[in-house]
Amino acid sequence: MELYDVLIIGGGPIGLACALEAKKNNLKYIVLEKGTIANSLYNYPLYMTFFSTADRLEIDDIPFITTKPKPGRQDALEYYQGIARARDINIKTYERVINVQKSTFFQVETSKQIYFAKNIIVATGFYDLPNMMDIPGEDLPKVKHYYTEPYPYAFQDVVVIGSSNSAVDAALEIYRKGGNVTMIIRHTEISKSVKYWVKPDIENRIKEGTIKAFFEAELLEVKPHSVIFKNNKGKTQEIENDFVLAMTGYLPDFEFLKNIGINLQGDCQNPHYNPENMETNVDGIYLAGVVCGGRDTHLWFIENSRIHAKQIIKDIISKN
Ligand SMILES: Cc1cc2nc3c(=O)[nH]c(=O)nc-3n(C[C@H](O)[C@H](O)[C@H](O)COP(=O)(O)OP(=O)(O)OC[C@H]3O[C@@H](n4cnc5c(N)ncnc54)[C@H](O)[C@@H]3O)c2cc1C
């Protein structure tokens, strides 16, 4: 039986940071990733720009060199995948972890085989499950929960739901490729967290009317050629529509966390962990990265969660 000191679930930026830290401390480790390396970033909008500067996305102090201060998706993929190659990270891709059970050691069942480990780090992120609107018509093929690029939407009537960075980026890009964009926004204004250099752009497009926006509004139903929503006067309105981009956020895989024994607390289903060492209520299972926030996915990002790697590995070594 091959026994790992630490098995890391998820090969995103923070899973990789944990792997580098484990390697540096001579722990026997493995990373299991259900997609490609940095799979969430691979699925980001093609032309996105990070709000962080490159230095704040660095892991293990490895320089992230870019020609512009803020990297884009491709820069980040080059960086994180490049690290996995250069540092010869022990990672298996396209292998999903299905369950983790504890006996003498952790027994980890994947889509391919069983592994044994003394400690587990869950670094599974939150980008795989869209936060559904749960309205009629959400399952129509014209409704998208992921936005990749503007070109499919040229000359189309597109409704964008939400006012966060993802919604605003999609609205502006599609408008500039000739899409007729209407935003339906629950709040009274564009989100304050929208990138500071983008916010004036969207606000001015809304002011001049080239992008239409309904604030304090809620989408009620999607039909094949229209959408129905409630406006800020509480009245229902129907407009013609070809595509709906539901930029309503994403959620961690709560079922998976529950199945492996992690307690989830409160409305935000915050996973239970000790912030000192990131250990959960299950001894030997640690949480790392943005999965820690539960439904509150704005709490953690790469910038402030890369530190988890050091906290966790220090704790594992201290208990050995
Ligand atoms: C559009 C966008 C822009 C962002 N911009 C910034 C920014 O500028 N700065 C910043 O600091 N943060 C930013 N963030 C947040 C941060 O980049 C991401 O959330 C980041 O990917 C978090 O890293 P992570 O390793 O915790 O999770 P992820 O990168 O999501 O990695 C989790 C990995 O786990 C894998 N996985 C999940 N379940 C399983 C399983 N059961 N078995 C095996 N593998 C599994 C996934 O495939 C994935 O690769 C942004 C997020 C988004 C969506």
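Just so we're aligned: the sequence shown equals residues 395 to 714 in our numbering. All C-beta atoms in this analysis are idealised placements derived from N, C-alpha and C, irrespective of residue type, glycine included.
Check whether the Cβ of Ser423 lies closer than 8 Å to any heavy atom of ligand 1, and answer yes or no.
-> Numbered from its first residue, the sequence shown carries residue 423 at position 29. Here the sequence assigns Tyr to residue 423, which means Ser is not the residue at that position. No, Cβ of Tyr423 sits at least 8 Å from all heavy atoms of ligand 1.
Nearest to Ile492 by alpha carbon, out of Cys686, Lys708, Asp647?
-> Position 98 of the sequence shown holds residue 492. Nearest option by C-alpha distance: Asp647.
Just the Cα atoms here: how many angstroms apart are Glu349 and Ala640?
-> Outside the shown range of the chain (395 to 714) lies residue 349, about which nothing can therefore be said.
What residue range is occupied by the uninterrupted beta strand (DSSP E) comprising Leu681?
-> Within the sequence shown, the letter at position 287 stands for residue 681. It spans 679 to 681 - the beta strand (DSSP E) in which Leu681 sits, taken as one unbroken run.
Please find out if some non-hydrogen atom of ligand 1 comes closer than 8 Å to the beta-carbon of Pro439.
-> Counted from its first residue, the sequence shown places residue 439 at position 45. Flag set: Cβ of Pro439 near ligand 1.
Is any heavy atom in ligand 1 found nearer than 8 Å to the beta carbon of Asp454?
-> Counting from one through the sequence shown, the residue named residue 454 turns up at place 60. No; taking the cut-off as 8 Å, the Cβ of Asp454 has no heavy atom of ligand 1 nearer than that.
Run through the region 553 to 635 for me and flag every whole alpha helix (DSSP H) of 4 or more residues, listed as ranges in chain order.
-> 559 to 570, 593 to 602
Can the beta-carbon of Leu401 be found less than 9 Å from the beta-carbon of Ala432?
-> Sequence index remark: in the sequence shown, residue 401 carries index 7 (1-based). Sequence index remark: in the sequence shown, residue 432 carries index 38 (1-based). In this structure, Ala432 does not lie closer than 9 Å to Leu401 by Cβ.
Whole-Å CB distance - Ile707 paired with Asn419, under 8 Å assumed | By one-based count along the sequence shown, residue 707 stands at place 313. By one-based count along the sequence shown, residue 419 stands at place 25. Ile707 to Asn419, Cβ: 6 Å. Contact.
Consider the C-beta atom of Asp469 and the heavy atoms of ligand 1; say whether any pair is separated by less than 8 Å.
-> Counting from one through the sequence shown, the residue named residue 469 turns up at place 75. No, ligand 1 has no heavy atom inside 8 Å of this Cβ.
Using beta-carbon positions only, say whether Val562 and Phe637 come within less than 9 Å of one another.
-> Here the question's residue 562 lines up with position 168 in the sequence shown. Here the question's residue 637 lines up with position 243 in the sequence shown. Cβ atoms of Val562 and Phe637: not closer than 9 Å.
Which two residues bound the contiguous alpha helix (DSSP H) that contains Phe695?
-> Residue 695 sits at position 301 when you count from the first residue of the sequence shown. Phe695 -> no alpha helix (DSSP H), and no H or E assigned at all.
Any alpha helix (DSSP H) of 4 or more consecutive residues that is wholly inside the region 419 to 502 = 433 to 436, 467 to 480
Run the CB neighbour count on Pro544, radius 10 Å, all protein chains shown included, and call it buried at 16 or more, exposed below.
-> Within the sequence shown, residue 544 is the residue found at index 150, counting from 1. It counts as buried.
Kindly examine ligand 1 and report whether one of its heavy atoms sits closer than 8 Å to the Cβ of Leu401.
-> Start at 1 with the first residue of the sequence shown, and residue 401 comes out as number 7. Outside the cutoff, so no.
Can Met527 be considered in contact with ligand 1, in the sense that its beta carbon sits closer than 8 Å to one or more heavy atoms?
-> Walking along the sequence shown from the start, residue 527 turns up at place 133. Checking every heavy atom of ligand 1 against the Cβ of Met527, none is found closer than 8 Å.
Among the residues of its own chain, which have a CB less than 6 Å from the CB of Leu534, if the five just before and after it don't count?
-> For the purposes of this step, residue 534 is taken as the residue at position 140 of the sequence shown. These residues qualify, in order along the chain: Val616.
Closest by C-alpha distance to Ile600, when choosing among Val575, Trp591, Ser587, Val621 | Within the sequence shown, the letter at position 206 stands for residue 600. The option with the nearest alpha carbon to Ile600 is Val575.
Compute every distance between the C-beta of Gly556 and the non-hydrogen atoms of ligand 1, then say whether any falls below 8 Å.
-> For the purposes of this step, residue 556 is identified with residue 162 of the sequence shown, where counting begins at 1. No, the Cβ of Gly556 stays beyond 8 Å of every heavy atom of ligand 1.
By DSSP, does Asp709 sit in helix, in strand, or in coil?
-> Taking the first residue of the sequence shown as position 1, residue 709 is located at position 315. Looking at Asp709 - three-state DSSP - the assignment turns out to be helix.
From Asp690, Gly688, Gly687, Val676, residue whose alpha carbon lies closest to that of Ser497 = The residue labelled residue 497 in the question sits at position 103 within the sequence shown. Cα-wise, what sits closest to Ser497 is Val676.
Would you say the region 648 to 662 touches the region 625 to 632, given that touching needs at least three Cβ pairs under 8 Å?
-> no
Opening and closing residue of the beta strand (DSSP E) in which Phe510 lies | Here residue 510 corresponds to residue number 116 of the sequence shown, with the count starting at 1. Per DSSP, Phe510 belongs to the beta strand (DSSP E) from 508 to 516.
Residue range of the beta strand (DSSP E) that includes Phe637 = Counted from its first residue, the sequence shown places residue 637 at position 243. Here the beta strand (DSSP E) through Phe637 covers 637 to 640.
Simplified DSSP state of Glu415, which is helix, strand or coil | On the sequence shown, residue 415 is found 21 positions in, with the first residue counted as 1. Note: Glu415 maps to helix in three-state DSSP.
Do you know whose CA, among Asp399, Leu414, Ile459, Val425, lies nearest Arg481's CA?
-> Taking the sequence shown and counting its residues from 1, the one referred to as residue 481 is at position 87. Closest by alpha carbon: Leu414.
Chain-order list of residues whose beta-carbon lies under 6 Å from that of Pro465 (same chain, five-residue window excluded) = The sequence position of residue 465 within the sequence shown is 71, counting from 1. Around Pro465: Phe444, Ala448.
Would you say the region 501 to 509 touches the region 665 to 674, given that touching needs at least three Cβ pairs under 8 Å?
-> no
heavy atom of ligand 1 below 8 Å from Leu426 C-beta = For the purposes of this step, residue 426 is identified with residue 32 of the sequence shown, where counting begins at 1. Result yes, Cβ under 8 Å from ligand 1.
Which residues in the same chain as Asn559 place their Cβ atom closer than 8 Å to its Cβ, once the five residues preceding and following it in sequence are excluded?
-> Taking the first residue of the sequence shown as 1, we reach residue 559 at position 165. Phe445, Ser585, Ser587, Val588, Lys589, Val592, listed in sequence order.
Looking at Thr504 and ligand 1, is the gap between the Cβ and the nearest heavy atom below 8 Å?
-> By one-based count along the sequence shown, residue 504 stands at place 110. True, at least one ligand heavy atom lies under 8 Å from that Cβ.
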